[in-house]
Amino acid sequence: MFKYWTFLQIITYVVADLSCERCASDDPNSDCRNGTIKEKFKCPADEQACYAEDIINDGKTPLYRRGCAPEDWCDTQKKNHAAALKFCSVCTDGDMCNNKRFGAEDPAKIQCYKCDSEDTDSTCRTGSIDNESVSCRSGSSCYQYYVSTSRRDIYSRGCGTSSTCDDLGKQYGQSLESCKLCDDDYCNNEKMSIAV
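Throughout the sequence shown, residue numbering follows mature numbering (1 follows the signal peptide of the UniProt record, and there is no 0), covering -16 to -1, 1 to 180 in sequence.
1) Nearest-angstrom Cα distance between glutamate 5 and valine 118?
2) The ligand GTP and lysine 70: does any heavy atom of the ligand fall closer than 6 Å to the residue's C-beta?
3) How about glycine 144 and tyrosine 127: are their beta carbons less than 7 Å apart?
4) Taking the straight line between their C-alpha atoms, what separation do you get for asparagine 41 and serine 140?
5) Pairs of beta-carbons, one from the stretch 91 to 106 and one from the stretch 47 to 67, closer than 8 Å: are there three or more?
6) Is the beta carbon of glycine 19 less than 7 Å from the beta carbon of alanine 67?
7) Using three-state DSSP, classify lysine 62 as helix, strand or coil.
8) What residue range is occupied by the uninterrupted beta strand (DSSP E) comprising glutamine 95?
9) Among the candidates Ser162, Lys175, Glu174, Asn83, whose CA atom is the shortest distance from the CA of arginine 49?
10) With DSSP as the reference, please indicate the residues paired to proline 46 in a beta bridge.
11) Span of the alpha helix (DSSP H) holding leucine 152?
12) Check serine 117 in the structure and name its three-state DSSP category.
13) Using alpha carbons as the reference points, say which of Gln32, Lys93, Asp137, Glu31 lies closest to glutamine 158.
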């Protein structure tokens, strides 16, 4: 009995002692975006994970946030913010585990979601993509497009250039239902429609 109680006490102590970076900023050059916050924030017992998220607010400005949260934080945030939530991750593997930079490691590059699917129920169409991203070359944009032909539908997201949509229009003509370019990290996660 004594061994069990001691083991339980140690586990409780370790979980309650988690420290995370905590900040909020809309500055793309901030320590909050770069994951270089120096101060540790000790998490309360009911928040056993560190989180990092990037939300695009109404003014189309990214809001970078980090802190302590329950382990299901990102699931809750996806429900609350839908396509405005550009990135969310939780970690429990040690103090300050939420210190990775938002977006590409090289600030001159952009991070985009990447996927291809022909399934109308896919996360590629709905925009609820997890952990499928790519670091694009300097000067790139993120794209998302939807093509509907008599044989199949194609949903795609990834890195492109300023001419990507024009090039796809030439390739697919009237079958190109939508094509969007954007220039912020993880900005290509809007839900795509289904042709009627």
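The C-beta atom is built at its ideal place from N, Cα and C for all residues, glycine as well. Quick caveat, the model's predicted, so the values are computed rather than measured.
Let me spell this out:
1) 25 Å
2) Of ligands this structure carries none, so the ligand GTP is not represented either.
3) yes
4) 24 Å
5) Put simply, the stretch 91 to 106 does not touch the stretch 47 to 67. Fewer than three CB pairs are less than 8 Å apart.
6) no
7) helix
8) 95 to 97
9) For arginine 49, the closest of Ser162, Lys175, Glu174, Asn83 by C-alpha to C-alpha distance is Asn83.
10) Ile40.
11) 148 to 156
12) strand
13) Asp137
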